[in-house]
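Count along the sequence shown from 1, add 24, and you get the number used in this note's numbering. Ideal placement from N, C-alpha and C gives every residue a C-beta, glycine not left out. Model, not experiment: these values are computed from the prediction.
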Amino acid sequence: MRNVTTDNITDVFKGYMGEGMDPRMRELMGALVQHIHDFARETKLTHDEWRAGIAFLEGCAAIESPDRHEFVLASDVLGLSSLIDMLHSDPKATSSSVLGPFHVSGAPPLAVGGDMKRDFGGPLLMVEGVVRDTDGNPIPNAEIDIWQTAPNGLYASQDDDQDMFSFHGLMTLGEDGRYAFTTARPAEYTVPSDGPVGAILRACGRHPWRPSHLHYIVKAEGYKTLVTEIFPQDDPYLDQDTVFGVREDLVMTYVEKPAEAFPQGMAISGQVHDSFLHVAFDVILARV
Ligand code: BEZ
Ligand code: FE
């Protein structure tokens with residue numbers, strides 16, 4: 025095209041794509057460029073604003089490392105990660121939610137009824153439930169990878185005072201699909217805000233807080249792996265999670281119970297002398 029204009033440039037771009045192109049790639053690139061061009065036309069994007077956008081991407085690249093995923097964080101705070109999760113979530117299964125950057129592979133085994141709190145402070149929380157299929161039947165031999173912050177709001181990988189797997193556990197369930205563990209109630213915390221993503225949050229008048237949560241990855245043979253998290257219904261940030269991870273079925277009531285109500289069969293049974301928090305959360309997996 026010799027006469028490229030603001031009106032035809034998008035179609036010109038699409039026309040430049042080669043005949044033998046992968047059809048999905050054609051669809052994605054065509055739609056991406058359509059939206060980017062529409063964005064520039066609609067906002068009359070200036071050179072300075074375009075440069076600021078490029079500087080943002082360069083700033084993300086400059087601090088990107090195996091421990092710092094600034095591009096993923098950008099996707100998280102823009103709501104893109106959550107939108108993609110929701111687009112592919114099975115409506116009959118438990119909702120999925122963001123993985124976040126703090127999952128560590130190779131967590132140590134945590135027995136059903138095991139304890140992750142150890143000698144950490146903070147309110148004692150007992151979590152239990154059953155992993156079920158979409159008809160309500162327990163799924164045998166599922167596996168749950170669990171991780172959370174310590175009561176100080178830091179993940180093990182952010183805190184020199186914790187060993188690398190503290191508040192991480194991998195639980196293999198039995199035939200009955202039942203899981204249970206004790207832990208310290210996790211604290212709300214901020215996503216990293218000392219980089220370009222933090223600057224975007226501040227420019228948008230937003231804060232970096234997430235409501236407190238427990239992360240789960242639940243796997244079972246023949247079922248879709250579920251990445252999810254649960255939140256307490258009284259958390260002050262529930263209605264303003266900076267990464268848009270909250271879904272109605274993931275909001276749980278943490279019920280305070282007297283010490284005498286603490287059940288037998290848990291690793292710390294007989295050692296609980298104060299009231300504790302209890303949450304029941306069944307996980308529903310969809311078939312592959
Ligand atoms: C998290 O839940 O750990 C998390 C999720 C998204 C961005 C940052 C942290
Ligand atoms: Fe998290």
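Classify residue i as helix, strand or coil using the three-state DSSP reduction.
i, result
"Phe95", "helix"
"Ile87", "helix"
"Ala204", "strand"
"Phe126", "coil"
"Gly42", "coil"
"Thr34", "helix"
"Pro232", "coil"
"Pro133", "strand"
"Val251", "strand"
"Asp62", "helix"
"Asp72", "helix"
"Asp139", "strand"
"Thr364", "What the structure shows of the chain is the stretch from 25 to 312, and residue 364 is not part of that stretch, so it cannot be assessed."
"Tyr292", "Sequence check: residue 292 is Ile here, not Tyr. Three-state DSSP puts Ile292 in coil, outside helix and strand."
"Met49", "helix"
"Leu111", "helix"
"Gln186", "coil"
Closest to residue i by C-alpha separation, out of the options, would be which residue?
i, options, result
"Phe144", "Asp185, Ala135, Gly160", "Asp185"
"Asn176", "Ser190, Ala76, Leu56, Leu52", "Ser190"
"His192", "Ser106, Ile241, Phe255, Phe268", "Ile241"
"Glu245", "Pro232, Ala208, Leu309", "Leu309"
"Ser299", "Ala227, Asp139, Leu148", "Leu148"
"Leu102", "Val215, Ser129, Ile87", "Val215"
"Ser293", "Arg226, Gly124, Val122, Asp139", "Asp139"
"Ile224", "Ala55, Ala76, Val279, Pro47", "Ala76"
"Gly328", "Asp159, Phe95, Asp46", "Since the first residue shown for the chain is 25 and the last is 312, residue 328 is missing from the structure and cannot be characterised."
"Ser391", "Gly269, Leu250, Arg311", "Nothing in the structure corresponds to residue 391, since the chain is present only between 25 and 312."
"Glu88", "Pro125, Asp35, Gly130", "Pro125"
"Val312", "Lys248, Gly222, Thr252, Gln288", "Lys248"
"Phe341", "Glu280, Asp273, Gln295, Gly289", "As shown, the chain starts at 25 and ends at 312. That puts residue 341 outside it, with no answer to give."
"Leu250", "Asn27, Met110, Gly83", "Met110"
Answer yes or no: does any C-beta atom of chain D fall closer than 8 Å to that of residue i?
i, result
"Val36", "Although the question refers to chain D, the structure presented lacks it and comprises just one protein chain."
Which partner residues does residue i have in the DSSP bridge list?
i, result
"Asp169", "Leu194, Ile241"
"Pro256", "Met276"
"Arg156", "Pro162, Ile308"
"Met150", "Thr206, His302"
"Lys281", "Phe300"
**Asked** Any residues whose CB sits closer than 5 Å to a heavy atom of ligand 1? List them in chain order?
**Response** Asp100, Val122, Gly124, Phe126, Val215, Val267
**Stretch-stretch touch, CB-based, cutoff 8 Å, three pairs: the stretch 67-84 with the stretch 187-203** = no
**Asked** Touching or not, the stretch 165-183 and the stretch 110-119, by the rule of three or more beta carbon pairs under 8 Å?
**Response** no
**Item:** Three-pair Cβ contact test at 8 Å for the stretch 244-263 versus the stretch 283-293
**Value:** no
**Request:** May I ask you to verify whether the stretch 202-215 touches the stretch 150-168, counting CB pairs closer than 8 Å and requiring at least 3?
**Result:** yes
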